[in-house]
């Protein structure tokens, strides 16, 4: 598939004796908005952490634009302790630190917003530009990189203006209201020029109106920046509204996959959520 | 060289190493307990130990020893308690770095106070009858304190472990070490738990200081810095939060340090004959501890008996 | 947009700062000619010398502890490397047998940059030689920092503190080790190296002292470079690591590489600071470079404000001026006339104000700052921020008054 952006193959993560992510496979294609849902503790954030290089998966493979960015098989202590599936399918180790993964084009936000709190809105976005700037410590110190620096500043300002954050550029990140902090975190992630954006519960803690706004915002992000988006979300209204396809995790296992309509009527999903769906849909 | 000669060569070092190690262990327990609850390297702990030595110097000048020893122990405990109340408690919600800086500030203050009151001079530690008597054991002449220390340490540790496992306050301590915030929610009076921790730590440091300085030439303002740091390394080595770990760490550091201090003699012509001249190996007796620290932190950050910390993303 | 253009044009704010600095240095040169070494005011010059070196050392520590959030306590060890390197490469050959008493025929380094260049091209050559030795001190310190950084920079924050403290001790032990005596003099003091007293210029029988000026200028240049780093793209990356390392890594910042960078740069300047301190003190005695010295700099940084360059400079100056000059009386029996108070035969001057009291008072002040003014003097802001704030308050007050005046009329 030429337009495949992200692919997980048999991804498994075992902590001690607990399998947090159990043999999940998933595809995200170019330009799609895909949601990963599931009850609390289903392993969604763990899956995110495997994709972004925070964790090394116990077994399985992650591909970005057809290139393996992470691969592992049960080794060391896990060699005997491994209880998951597909033992022996993988035998290579490909490992990158989170910064390298970001450099390859995956940007993320965090469940519990992680902004650079004491720094300004402007600096927060500028920091994300640091990675791709053509400079070294010497040129940066003596301002021989002034062209790069100016480009970074211009792009940052442009991004902030597009996100309606320009007027707040000199405010410290921690002084922004919650909704704007979420938005800034997404803007900061976009500043790394990602081909794939991972959003970890973008609507957490938001009221219905803010949730509606963030839904429109996520859509507009895809239109404007031609990014592909994979999001974790509990808010079913939002998920059903914006995602093209949905994957459902429960106890680490992938229990369903399909369009919003298919998922809505899937008995397994309803079983897993039982009540939560109705609750969240109001 | 016969086996007996080898024994004769090593025995004095091992004996005094175990003794010094035991004294480190007593200080290390204070570090370990405080760290496991507050995640604070109490840089002032070594100086509390030094002040304990000074208290003894001054107390022994005014009281008979049977009064001076309890007075010193009470004063040191009081000092540890006060330091926590004045310098650490107000910073409970502050970033960890602030508390660590406060600890360094207290260390600086105690050292400067000691400098002021002693005039920077080395003060002779009073000879305590019986424990500082010279005895002979397997042909090695030493002070009685050297032989007593390991037994005393083991006894104290047994009592302490029993207290921690069986008393209400001990259980509260373990809960606070496991999860500070949740233990508070469960109704544990965290401030009294922390105070108790400091009291126990200071009590052991006071005992340690009596044992340590008895076999040492004297007390001076910086006398606590090095033993303090070494004791912390011992705590890390054994696994922070683990009391038996702190003891084993202390003993190991004590033994190795003394062996290195005697390295030139042990390896020299009069010893094993590996070295022909002096290599000045003794210069590394202090540095060795820190090499050990780096090695343990790189290869096994949780120490010998510690639990692995988890960071949540 | 002024943000975008600020890299190109020099603002009036910067011009004011430059003008003030130039004025300060001119004043320094003049003061140095006016004040005789025997004068009581000479204390001012001595304090300024030590203060500017301490300022550099504090700012370097702040780069690491304040801006990158790495709680490192290896300062004294790195200073010792810098000081030793400088001394080793600037002791004149004729002095070496005297200095290397125990290694008089086997000492290894037989080059003195100030001497070699001084003999070749005279006075300026000697200064160049000193500068080369100072730079070398920085570079060698940075190399050591790189090696130390390999294991320690992967550790958790508090373990990093204790491990760097440990490495400082290891470095000191190595330098004092007999085995390296031919290289380092094994803990015996290094002395007789080229010093600031050699920096006086004689023109037509008239000697011009440039000691204070030179030391302050060198420190100022280094501090200026640190400011440039802190305000560069890399400086922002350092601050990002301080604020949230996980988020910084997710933004593509390689944590280890950037920590290592900050650690080496900081140590480079610590090495230079150590070299300048050697120049100031005249002897390098390894036994002095203990953990207590690191603590002192840490407390200076806290006093000035963690994360503020100007704060560290002010903190260092206050520390030096207070301990060298203003509080000196606390040690020698006379302070603000308090020494005349006698309570029941207990004379404060004789009984309280004795050697060591100054440091006690100082530690108490520092503890008060740590406990009650946790942000220090300047917090994490720089001096111009407060100047601007002050100006704004005054302006609003004046306009308010004017308005009041108008409504009155």
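Chains as they are written, first to last, in this note's numbering: chain Z, 5 to 286; chain Y, 21 to 333; chain U, 2 to 410. For each residue, glycine too, the CB sits at the ideal point set by N, CA and C. Only a predicted model underlies this, so the values are computations on that prediction, with no experimental measurement involved.
Apart from sequence neighbours up to five positions away, no residue of its chain approaches residue 170 of chain U with a beta-carbon distance below 6 Å. Rounded to the nearest whole angstrom, the C-alpha separation of residue 101 of chain Z and residue 57 of chain Z is 5 Å. A contact between stretches requires three or more CB pairs, one per stretch, nearer than 8 Å, and the region 178–185 of chain Y fails this requirement with the region 54–73 of chain Y.
Between residue 257 of chain Y and residue 312 of chain Y a beta carbon distance of about 6 Å is seen, short of the 8 Å cut, so the two are scored as contacting.
With a beta-carbon spacing of about 34 Å, residue 121 of chain Z and residue 18 of chain Z fall beyond the 8 Å limit used to define contacts. Listed in chain order, the positions of the region 77–104 of chain Z with a beta carbon within less than 9 Å of a beta carbon of chain U are 101, 102, 103, 104.
Taking 8 Å as the threshold, the shortest C-beta distance from residue 303 of chain Y to chain U falls below it. If you ignore the 5 residues before and after residue 170 of chain Y, its C-beta comes within less than 6 Å of the C-beta of 38, 42, all in its own chain and listed in chain order.
In this structure, DSSP gives residue 175 of chain Y a helical state, which the three-state scheme calls helix. The beta carbons of residue 360 of chain U and residue 132 of chain Y sit closer together than 8 Å.
In terms of Cβ geometry, residue 138 of chain U and residue 286 of chain U do not form a close pair [threshold 8 Å]. Annotation: residue 33 of chain Y to residue 162 of chain Y spans about 11 Å, alpha carbon to alpha carbon. Two segments are said to touch when three or more pairs of C-beta atoms, one from each, lie closer than 8 Å; by this definition the region 132–151 of chain Y does not touch the region 194–213 of chain Y.
By the neighbour-count definition (other C-beta atoms within 10 Å, threshold 16), residue 244 of chain Y is a buried residue. In terms of Cβ geometry, residue 204 of chain Z and residue 113 of chain Z form a close pair [threshold 8 Å]. Of the residues U:125, U:309, U:168, the one whose Cα lies closest to the Cα of residue 146 of chain U is U:168. The beta carbon of residue 104 of chain U lies closer than 8 Å to those of 182, 183, 186, 187 in the same chain, with the five residues before and after it left out. Residue 190 of chain Y is not a Cβ neighbour of residue 260 of chain Y, given a cutoff of 8 Å. Contact residues of the region 230–247 of chain U toward chain Z are 230, 233, 234, 235, 236, 237, 238, 240, 241, 243, 244, 245, 247 (C-beta to C-beta distance below 9 Å). Under the three-state reduction of DSSP, residue 122 of chain Y is assigned to helix. Among the CB atoms of chain U, one or more fall inside 8 Å of the CB of residue 314 of chain Y. Neighbours of residue 139 of chain Y across chain U, judged by C-beta separation under 8 Å: 355, 356, 357. The C-alpha of residue 267 of chain U is placed about 25 Å away from the C-alpha of residue 127 of chain Y. Here the alpha carbon of residue 152 of chain U sits roughly 9 Å from the alpha carbon of residue 317 of chain Y.
Cα atoms of residue 59 of chain U and residue 34 of chain U: separation of roughly 29 Å, rounded to the nearest angstrom.
In summary, the residues of the region 106–126 of chain Z whose CB is separated from some CB of chain U by less than 8 Å are 106, 107, 111, 112, 114, 118, 119, 120, 121, 122, 123, 126, in the order they occur in the chain.
In terms of beta-carbon proximity, residue 106 of chain U stays away from the interface with chain Z, with every pair separated by 8 Å or more. For residue 50 of chain U, the uninterrupted alpha helix (DSSP H) run begins and ends at 43–63, by DSSP. For residue 65 of chain U, no Cβ of chain Y is located within less than 8 Å of the residue's own Cβ. For the region 280–311 of chain U, the set of positions with a beta-carbon nearer than 7 Å to some beta-carbon of chain Z is empty.
Using a C-beta cut-off of 8 Å, the region 208–215 of chain Z makes no contact with the region 187–194 of chain Z, since fewer than three inter-stretch Cβ pairs fall below that distance. For residue 156 of chain Y, the enclosing beta strand (DSSP E) covers residues 154–157.
Proximity of chain Y to residue 372 of chain U at the Cβ level (cut-off 9 Å) is accounted for by 106, 107, 110, 111, 122, 125, in chain order. Contact residues of the region 181–203 of chain Z toward chain U are 189, 192, 193, 195, 196 (C-beta to C-beta distance below 9 Å). If you draw a straight line from the Cα of residue 250 of chain Z to the Cα of residue 308 of chain Y, it is about 58 Å long. In this chain, residue 65 of chain Z is not harboured by any alpha helix (DSSP H); it is covered by the beta strand (DSSP E) spanning 63–68.
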